[in-house]
Amino acid sequence: MIQQDFRTKVGNTVFGVRATALIVKDNRLLVVEDGDGFYTIGGAIQVDEATEDAVAREVKEELGVASKAVQLAFIVENRFEQAGVHYHNIEFHYLVDLLERAPLTMQEDAKRLPCRWIALDDLQTVDLKPDFLKTALPEWDGQLQHIHLEE
Numbered sequence: 012m013i014q015q016d017f018r019t020k021v022g023n024t025v026f027g028v029r030a031t032a033l034i035v036k037d038n039r040l041l042v043v044e045d046g047d048g049f050y051t052i053g054g055a056i057q058v059d060e061a062t063e064d065a066v067a068r069e070v071k072e073e074l075g076v077a078s079k080a081v082q083l084a085f086i087v088e089n090r091f092e093q094a095g096v097h098y099h100n101i102e103f104h105y106l107v108d109l110l111e112r113a114p115l116t117m118q119e120d121a122k123r124l125p126c127r128w129i130a131l132d133d134l135q136t137v138d139l140k141p142d143f144l145k146t147a148l149p150e151w152d153g154q155l156q157h158i159h160l161e162e
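What follows is the structure, given as structure tokens:
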């Protein structure tokens with residue numbers, strides 16, 4: 012059975028609810044390298060799915076390993092435009108522990124992309140999306156933060 016996720020399009024705006032994995036080990040963040048920058052693992056939350064379960068599912072789907080959401084670090088209201096489409100996302104960014112060794116490749120459907128560990132102190136030197144993570148993650152004090160982003 013195909014699950015319906017929390018994404019809908021109204022006119023030229025896509026609204027979605029996402030869960031994202033902040034996989035940090037030895038003061039480094041695991042990211043996926045795509046042609047236009049670096050991204051964290053994550054995706055849309057499905058209808059009737061807890062955010063913690065969604066982030067673990069996304070890690071399993073994209074990295075092929077089991078994981079556990081440890082702590083919710085950021086709730087983000089993110090509005091941006093990409094390729095002429097307006098996006099409004101509500102995002103739950105969790106610190107996540109991998110229960111298996113992290114692969115160096117992310118697989119999503121037929122798409123395979125390399126993964127990289129980037130030192131938290133070096134995040135500002137790369138094109139990381141969402142951009143707020145460059146400063147918010149290295150400075151994070153362990154308390155849940157609510158962030159509003161708008162391009």
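Residues 12 to 162 in this note's numbering are what the sequence shown spells out, letter by letter.
Every residue, glycine too, gets a C-beta built ideally from N, C-alpha and C.
For this session: Determine the contact status of D138 and F26, defining contact as a CB-CB distance below 9 Å.
Result: Sequence index remark: in the sequence shown, residue 138 carries index 127 (1-based). Sequence index remark: in the sequence shown, residue 26 carries index 15 (1-based). Cβ atoms of D138 and F26: not closer than 9 Å.
For this session: Taking 9 Å as the cut-off, decide whether the C-beta atoms of R39 and I129 are in contact.
Result: Position 28 of the sequence shown holds residue 39. Position 118 of the sequence shown holds residue 129. Their beta carbons are under 9 Å apart, which means R39 touches I129 by this criterion.
Exercise. Quick one, which of E161, A84, A94 and T136 has its alpha-carbon nearest L148's?
Worked result: Position 137 of the sequence shown holds residue 148. Checked all of E161, A84, A94 and T136; the closest Cα to L148 is A84.
Problem set entry | Every unbroken alpha helix (DSSP H) inside the stretch 116-149 [4 residues or more] | 144-147
Problem set entry | Under the three-state DSSP convention, the category E76 falls into | For this step, residue 76 is matched to residue 65 along the sequence shown. Position check: residue 76 holds Val in this sequence, whereas Glu was assumed. V76: coil per DSSP, three-state reduction.
Exercise. To the nearest angstrom, how far is it from the Cα of M12 to the Cα of D132?
Worked result: Taking the first residue of the sequence shown as position 1, residue 12 is located at position 1. Taking the first residue of the sequence shown as position 1, residue 132 is located at position 121. With a pLDDT of 49 at M12, under the threshold of 50, the modelled position of this residue cannot be trusted, and the question is left open.
Exercise. From Y105 to Q135, what distance separates their C-alpha atoms?
Worked result: The residue you call residue 105 lines up with position 94 of the sequence shown. The residue you call residue 135 lines up with position 124 of the sequence shown. One C-alpha to the other measures close to 20 Å.
Exercise. So who's on the other strand from I86, going by DSSP bridges?
Worked result: Position 75 of the sequence shown, counting from 1, holds the residue named residue 86. F103 and H157, per the DSSP bridge assignment.
Exercise. With 16 as the cutoff for other CB atoms within 10 Å, does E88 come out buried or exposed?
Worked result: As a first step, residue 88 must be located in the sequence shown, where it is residue number 77. Exposed.
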